[in-house]
Amino acid sequence: MAHPTVAVLERHLHLYRRLWRASVFSSFILPVLFLVSIGIGVGNYVGEIGGVTYLAWIVPGVMASTAFQMAVGESTYSVLGDFKWVRAYHAMRATPVGIRDMVAGWMLYVLLRVVIAAVVFLGVTGLFGALLSPWAVVTPLVAALVAVAAAAPVTAFAASIDNDSYFALLFRFVMIPSTLFAGVFFPVEELPGQIRPLAYLSPLWHGVELSRAATLGGAPPWPVAVHAGFLLLFAAAGLAWAVFAFRKRLQD
Amino acid sequence: MSKQPLQSLIHARGLVKRFGDFTAVDGIDLDVAPGEAFGFLGPNGAGKSSTMRMIGCVSMPTAGELRILGMDPVRDGSRIRARLGVCPQLDNLDPDLNVRENLTTYARYFGLSRAEARRRAEELLDFVQLRDRAASQVEPLSGGMKRRLTIARALVNEPELVLLDEPTTGLDPQARHLLWERLFRLKQQGTTLVLTTHYMDEAEQLCDRLVVMDGGRIAAEGSPRSLIETYSTPEVVELRFPDEADYAGKLEGIGRVDPLPDRILLYADDGDAAVAEVHRRGLTPSSVLVRRSSLEDVFLHLTGRTLVD
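Protein chains in written order, with the working numbering: chain C, 986 to 1237; chain G, 447 to 755.
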């Protein structure tokens, strides 16, 4: 008998079948265009960073930030919509599907989307010769960690609000600054000392550093266990918040 | 697996639901037997939907005792819901899935295999007469079709107990009759139905037994017939007068008199005899209607208010 979590995952995959063509552009073609324009175009002016080409330097960053943006983007309107407009979670609530199944099924869906995008991205960047270490194969795993660490709290946020205009705040004040200042395009050491701790708080920065260590074959700035531990902590707290938010919304 | 036959699928004693200071359900007792069609009748805000949500294990009782299918909804919510079918007041169909997919996706929530889900969906498409719309999107369906699909969806797990919260509200008469006919068939198959309604005719059509709810309490309980017999008379005369004079006083002694803003109700065992008496007293109403007593009269008698519009 299928686990209720799997049934929830299936529903999301079923709906995705209708939109996958549109998502190929944003989750795959767009990051590649990014690499070509910034990595190669801007890279020609930048020269080398830490002894490697700028392209090789930003590939792991763009990969982690693609995972981050996909995870955040997927977990906004879709989640709120399934509460507010579609009421899909209210429908599930009347079945044996539990609150944890709803959150887990959704997270698995986001993970699947992100990991597939990461694997494709890895293949393409390999063709560009931008992967310098065999450790690069673990980057989809890092992308998965970043995805849950980002998607879980955003899902919880989306399940807590009643008005989609909050998402504009989330994009402007959380997602875009995170993407710009989390070591994707330049090292966070370039940031002023007072601002740098903000980058350390972003799950994306930890993901970027882990990915970069993997594709370039070096050691990340902090011990791997600390970076991974931070992401896991973020994910665990986000999941707990999501379960709480779903329960609060569905049960009285 | 052998199950002991349950005396009541729903058993409630002193059931209370509060939201902050507001008491939605104020200590009700209920027992619903297997195979019964049971109704909650009452105006909006009477506590019907809150009660239904507690029975459906999505709302936790504030106080009192509640057993559904012999289990505790707080501890065994998921196991109970596996054997319930719920048709909510607001349709929550998946608009991006087609009619058939709405059924199969929902069936999977109950752990049916893919093959079983497909088989069940085909059966139900026939049952609710949506076979020719199976591949259609949900949005273009009429209100009646969406409701039928919601009911079909509630039946995917072959539930022992089906909860219908205002199943025909907002539907045109033809769609309502089709729905009633399907629900009646379900009932004949032995499915236990519990429904809320604010339509008298719906309660009379479908329910073996019902409770009249008002202000979170049960005001009366019984079969539609017995409620009418207890709280009303076999016939009711509706009188309208051209002016605002106090006619109620002049009707005294003929039967119980209920003055409403636009008309006066006169309860009588024999309507025609009552009308004759009205005329004998020299009163000249502008219109006279003799009709059979209905649950509307029961509700009016119990609460002093009309039920809807």
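Using N, Cα and C, we set each Cβ at its ideal position, and we do this for glycine too.
Taking only the alpha-carbon atoms, compute the straight-line gap between residue i and residue j and give it to the nearest angstrom.
i, j, result
"residue 1141/C", "residue 1060/C", "9 Å"
"residue 1099/C", "residue 1112/C", "20 Å"
"residue 460/G", "residue 650/G", "27 Å"
"residue 496/G", "residue 609/G", "12 Å"
"residue 990/C", "residue 1026/C", "45 Å"
"residue 547/G", "residue 1235/C", "24 Å"
"residue 755/G", "residue 742/G", "Note on residue 755/G: pLDDT 45, under 50, position unreliable in the model; the coordinate value appears next. Spanning the two alpha carbons is a distance of roughly 12 Å."
"residue 1220/C", "residue 1124/C", "17 Å"
"residue 1071/C", "residue 472/G", "32 Å"
"residue 447/G", "residue 522/G", "Only weak support exists for where residue 447/G lies, its pLDDT of 44 falling under 50; the value from the coordinates is given anyway. If you take the alpha carbons of residue 447/G and residue 522/G, they lie about 18 Å apart."
"residue 1177/C", "residue 1171/C", "13 Å"
"residue 508/G", "residue 673/G", "30 Å"
"residue 1077/C", "residue 524/G", "11 Å"
"residue 604/G", "residue 536/G", "22 Å"
"residue 593/G", "residue 1126/C", "45 Å"
"residue 1157/C", "residue 469/G", "42 Å"
"residue 630/G", "residue 519/G", "28 Å"
"residue 1180/C", "residue 1102/C", "31 Å"
"residue 634/G", "residue 1012/C", "54 Å"
"residue 737/G", "residue 625/G", "26 Å"
"residue 464/G", "residue 1237/C", "10 Å"
"residue 1062/C", "residue 1051/C", "18 Å"
"residue 1129/C", "residue 628/G", "49 Å"
"residue 1148/C", "residue 1029/C", "45 Å"
"residue 1174/C", "residue 1159/C", "20 Å"
"residue 710/G", "residue 618/G", "29 Å"
"residue 1230/C", "residue 676/G", "49 Å"
"residue 1215/C", "residue 564/G", "44 Å"
"residue 994/C", "residue 1086/C", "9 Å"
"residue 717/G", "residue 750/G", "22 Å"
Could you check whether residue j and residue i sit closer than 8 Å to each other, using their CB atoms as the reference points?
i, j, result
"residue 683/G", "residue 720/G", "yes"
"residue 621/G", "residue 590/G", "yes"
"residue 477/G", "residue 454/G", "yes"
"residue 1016/C", "residue 1199/C", "no"
"residue 598/G", "residue 549/G", "yes"
"residue 387/G", "residue 686/G", "This structure leaves residue 387/G out entirely; chain G is present only between 447 and 755."
"residue 669/G", "residue 654/G", "yes"
"residue 1003/C", "residue 542/G", "yes"
"residue 1196/C", "residue 1167/C", "no"
"residue 581/G", "residue 544/G", "yes"
"residue 555/G", "residue 992/C", "yes"
"residue 1201/C", "residue 1164/C", "no"
"residue 641/G", "residue 481/G", "no"
"residue 696/G", "residue 726/G", "no"
"residue 1143/C", "residue 1053/C", "no"
"residue 1193/C", "residue 1211/C", "no"
"residue 1223/C", "residue 1162/C", "no"
"residue 1117/C", "residue 1037/C", "yes"
"residue 483/G", "residue 639/G", "yes"
"residue 681/G", "residue 715/G", "yes"
"residue 1109/C", "residue 1056/C", "no"
"residue 746/G", "residue 704/G", "yes"
"residue 602/G", "residue 566/G", "yes"
Can you check which of these residues, the options, is closest to residue i by C-alpha distance?
i, options, result
"residue 530/G", "502/G, 707/G, 735/G", "502/G"
"residue 500/G", "462/G, 617/G, 478/G", "462/G"
"residue 616/G", "474/G, 713/G, 643/G, 527/G", "643/G"
"residue 528/G", "552/G, 596/G, 548/G, 662/G", "552/G"
"residue 1092/C", "1128/C, 1196/C, 1133/C, 1102/C", "1133/C"
"residue 665/G", "706/G, 465/G, 468/G, 487/G", "487/G"
"residue 1010/C", "1067/C, 1106/C, 1030/C", "1106/C"
"residue 1000/C", "536/G, 637/G, 540/G", "540/G"
"residue 611/G", "1184/C, 1214/C, 1079/C", "1079/C"
"residue 1067/C", "1020/C, 1145/C, 1204/C, 1006/C", "1145/C"
"residue 632/G", "659/G, 607/G, 739/G", "607/G"
"residue 988/C", "1081/C, 1203/C, 1156/C", "1081/C"
"residue 637/G", "479/G, 465/G, 618/G, 467/G", "479/G"
"residue 694/G", "750/G, 667/G, 506/G, 724/G", "724/G"
"residue 1228/C", "1157/C, 1062/C, 1083/C", "1083/C"
"residue 513/G", "562/G, 569/G, 456/G", "456/G"
"residue 692/G", "729/G, 511/G, 657/G", "729/G"
Among all the DSSP beta bridges, which residues are the ones paired with residue i?
i, result
"residue 514/G", "456/G, 517/G"
"residue 562/G", "For residue 562/G, which the question treats as bridged, DSSP gives no partner whatsoever."
"residue 685/G", "710/G, 734/G"
"residue 664/G", "659/G"
"residue 608/G", "531/G, 639/G"
Residues of chain B with CB under 7 Å from residue i, in chain order?
i, result
"residue 573/G", "Any reference to chain B falls outside this structure, whose protein chains are C and G."
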